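J.:
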Amino acid sequence: TNVVNKIAAGEIIIAPANALKEILENSIDAQSTTIEVSVKEGGLKQLQITDNGHGINKDDLAILCERFTTSKLSTFKDLSTIQTYGFRGEALASISHISHLSVVTKTKDSPVAYKCVYASGKLAPTKKGANPQAVAGKDGTQIVVEDLFYNVPSRLRSIRSPSDEYYKILDVVQKYSIHCLQAGFMVKKTGESNYALMIRQNLSLKERIRTIYGSGIANELLEFNETEAGERYGLVAFSVCATSPNFSSSKKTPPIFFINNRLVSCDPLRKSLQQVYAAFLPKGANHPFIYLSLSISPENVDVNVHPTKREVRFLHEDEIIELVTERVQEELMKTDN
Ligand code: ADP
Ligand code: MG
14 TNVVNKIAAG EIIIAPANAL KEILENSIDA QSTTIEVSVK EGGLKQLQIT DNGHGINKDD
74 LAILCERFTT SKLSTFKDLS TIQTYGFRGE ALASISHISH LSVVTKTKDS PVAYKCVYAS
134 GKLAPTKKGA NPQAVAGKDG TQIVVEDLFY NVPSRLRSIR SPSDEYYKIL DVVQKYSIHC
194 LQAGFMVKKT GESNYALMIR QNLSLKERIR TIYGSGIANE LLEFNETEAG ERYGLVAFSV
254 CATSPNFSSS KKTPPIFFIN NRLVSCDPLR KSLQQVYAAF LPKGANHPFI YLSLSISPEN
314 VDVNVHPTKR EVRFLHEDEI IELVTERVQE ELMKTDN
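If you count the sequence shown from 1, you need to add 13 to reach UniProt numbering.
Below you can see the structure in the form of structure tokens.
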């Protein structure tokens, strides 16, 4: 029933940034090269995400917000999608139960775009006009989430300030813009002309880090990749971009971890890396910047973690962490002077 769906949805999406992350991942998944986010009242009033990706076929629009329908969508060709982002088919369904959700989308093959309004998992009945309705539009998809949690008062009460929520949203987009070098990212508050984040598509990883985290960090970066270690543990490859021992700061920037292209937390990995750095850096100022991307055999990763719990689980965790940590240590020793 709708009440059950609403409660379930309120558990999957507990803050505007959770909704944003899911929608952003869908845009990235759709091979977008520009993604623009606009935020009103911390995303509670409105969250608008516009991409230039492959769009959604008209025939799929009716079931877009039904749960677990992902694999029925005709755009669902690439099996690797399950292994990275799209494994649950629950995000849009959940969001449609706890907000006013509308979608405008156009595929390359279609002469027109279609606008759809959803309510509780289905196309909403409209008083006038068709749903989906043919409209003018560019290739790509725009998702608009309005009045998030309008029907979940307990959630609304637990959110302390729209400003906190806004910064959580900004933080998620910043991290994806470090990881997804194929795309440009923009964030602004709705109605403002200045962008809080503006990462053009052609910017390199270092330039992105400079723009977001400053020159202090960007000037002291070590970058390295590994494609051969750890095969027997299911580790396919990893890449690291982290500050050298020449950079010390008393300001904490929590490490950024992507596993199989998903932004995750991994406490054991974080602790292990911080220990390595602590041996090089002065006490009290031992806060490195670390961005680490791991590719692990998909069957070894529990991607089915709850969206609100970013903590990831994978097989051979200790071995993989040790391997990665040792490699980082090696690089730090090379540059320590
Ligand atoms: P999942 O991503 O787990 O499949 P979602 O509810 O997040 O579930 O999305 C459902 C489906 O809608 C996606 O699998 C994708 O096919 C389609 N979709 C959603 N957003 C976009 C987008 N921005 N561009 C193209 N297709 C999209
Ligand atoms: Mg998704």
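We put the beta carbon where it would ideally sit given N, CA and C, even for glycine.
Remember, it's a predicted structure, so these values are computed and weren't measured experimentally.
Is Thr266 near Leu234, with beta carbons less than 8 Å apart?
T.: no
J.: If contacts are defined as beta-carbon pairs under 8 Å, then Val165 and Val186 qualify, I think. What distance do you get, rounded to the angstrom?
T.: Not quite, the Cβ-Cβ distance comes to about 24 Å (not below 8 Å), so this is no contact.
J.: Pull up the distance between the alpha-carbon of Ser45 and that of Tyr304, whole angstroms please.
T.: 22 Å
J.: Taking 7 Å as the cut-off, is the CB of Asn259 close to at least one heavy atom of ligand 2?
T.: no
J.: Assign Pro301 to one of two classes, buried (16 or more other C-beta atoms within 10 Å of its C-beta) or exposed (fewer than that).
T.: buried
J.: Checking 8 Å against the spacing of the C-beta atoms, do Gly243 and Ser310 come in under that value?
T.: no
J.: For the alpha helix (DSSP H) that contains Arg170, what are its first and last residues?
T.: 166-171
J.: Under the assumption that Phe162 contacts Leu282 (Cβ atoms under 8 Å), give the Cβ distance between them as a whole number of angstroms.
T.: Actually they are not in contact, since the Cβ atoms of Phe162 and Leu282 sit about 33 Å apart, beyond 8 Å.
J.: In the structure shown, what three-state DSSP assignment does Glu49 receive?
T.: It is a strand residue.
J.: Exposed or buried, Pro295, counting other C-beta atoms within 10 Å across all chains shown (16 or more means buried)?
T.: So Pro295 ends up on the exposed side.
J.: So, is Ile156 buried or exposed, given that buried needs 16 or more other C-beta atoms within 10 angstroms?
T.: buried
J.: Can you give the Cα-Cα distance for Asn15 and Ala32, rounded to whole angstroms?
T.: 19 Å
J.: Go ahead and pull the three-state DSSP assignment for Ala132.
T.: Residue state, collapsed to three classes: strand.
J.: Spatial neighbours of Ile269 within its chain, please: C-beta separation below 8 Å, excluding the five flanking residues on both sides.
T.: Lys188, Ile191, His192, Leu276, Ile303, Tyr304, Leu305
J.: Going by C-alpha to C-alpha distance, which of Lys264, Glu236, Tyr208 sits closest to Thr224?
T.: Tyr208
J.: Specify, as a first and last residue, the run of the alpha helix (DSSP H) that Ile41 falls within.
T.: 29-42
J.: Measuring from the CB of Ala132, is there a heavy atom of ligand 1 at a distance below 7 Å?
T.: Result no, Cβ not under 7 Å from ligand 1.
J.: Under the three-state reduction of DSSP, which class applies to Lys85: helix, strand or coil?
T.: Bear in mind that the predicted position of Lys85 carries a pLDDT of just 44, short of 50, making it unreliable; the figure below should be weighed with that in mind. Lys85 falls in the helix class under three-state DSSP.
J.: Give the straight-line distance between the Cα atoms of Pro124 and Ile25, rounded to the nearest whole angstrom.
T.: 36 Å
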